[in-house]
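A.B. asks: Next up is a structure, given as structure tokens.
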Amino acid sequence: MSTPLYYILLTLHVLGATIWTGGHLVLATTVLPRALRAKRASILTDFEQGYERVGMPALAVQIVTGLWLAHRLLGSPADWFGDAPLAHVIHVKLLCLAGTAALAIHAKTRVIPRLNDGNLPVMAWHIAGVTVFSVIFVLAGASARLGGFPFFQR
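Right, dumping it as structure tokens:
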């Protein structure tokens, strides 16, 4: 892969992470507390409708570019599960992706269809989980340049 293509992929990946993680931090630290105080699910759904238009494409860009970058940096997917420090970063990111997907599927199929003012705390746990995963995504990604933070190594 040519160097310019690598930097384009990396730039798209970082921009996607910025949108995804930044949006969830705003949701978790400002929108969610306001919705919980007011006991109004509509505050969350209003934010989600607007954010989803940019957040979901950002996540899709992260997934595509992340897989491409992992292949560029480590080779075939079989090499992603090795014992190299960079492979440990990939492990963490794939686990975060799986956790994010599980929470998203559960929220979309079980929580959001039944979301109302009385069951906001259930959605709050999903938001908190996805936000934690997104921050770990960022920390893991930042550590890739350094060969992996010590806590991502075995």
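Just so we're aligned, residue 0 is where the sequence shown starts under numbering that gives the first Met the number 0, counting upward by one.
C-beta: ideal position from N, C-alpha, C; glycine also.
Model, not experiment: these values are computed from the prediction.
Whole angstroms are fine: how far does the CA of I42 sit from the CA of A34?
C.D. replies: 5 Å
A.B. asks: With a 10 Å radius around its C-beta and 16 neighbouring C-beta atoms as the bar for buried, classify I104 as buried or exposed.
C.D. replies: exposed
A.B. asks: Measuring alpha carbon to alpha carbon, tell me which of S75, A69, R36, A97 ends up nearest L85.
C.D. replies: A69
A.B. asks: G140 and H12 - do their beta-carbons sit closer together than 9 Å?
C.D. replies: yes
A.B. asks: Measuring CA to CA, which of P32, T44, R39 is closest to I111?
C.D. replies: T44
A.B. asks: Going by DSSP, what residue range makes up the alpha helix (DSSP H) through S142?
C.D. replies: 119 to 143
A.B. asks: For the putative contact between L94 and I62, defined by C-beta atoms under 8 Å, what is the C-beta separation to the nearest angstrom?
C.D. replies: Between I62 and L94 the Cβ distance is about 14 Å, and since that is not below 8 Å, they are no contact.
A.B. asks: Under 9 Å between the Cβ atoms of Y50 and G22?
C.D. replies: yes
A.B. asks: Between the C-alpha atoms of L114 and L102, what's the straight-line distance to the nearest angstrom?
C.D. replies: Distance between the alpha carbons of L114 and L102 is about 15 Å.
A.B. asks: Of the residues V137, I126, S142, which one's Cα is nearest the Cα of V25?
C.D. replies: I126
A.B. asks: Is it right to say G117 is buried, meaning 16 or more other beta carbons lie within 10 angstroms of its own, or is it exposed?
C.D. replies: Classification of G117: exposed, given that the 10 Å Cβ count is below 16.
A.B. asks: Should F53 go down as buried or exposed, given a rule of 16 or more other Cβ atoms within 10 Å for buried?
C.D. replies: Looking at the sequence itself, residue 53 is Val, so the reference to Phe does not match. It counts as exposed.
A.B. asks: For a quick check, are the C-beta atoms of A143 and V60 less than 9 Å apart?
C.D. replies: no
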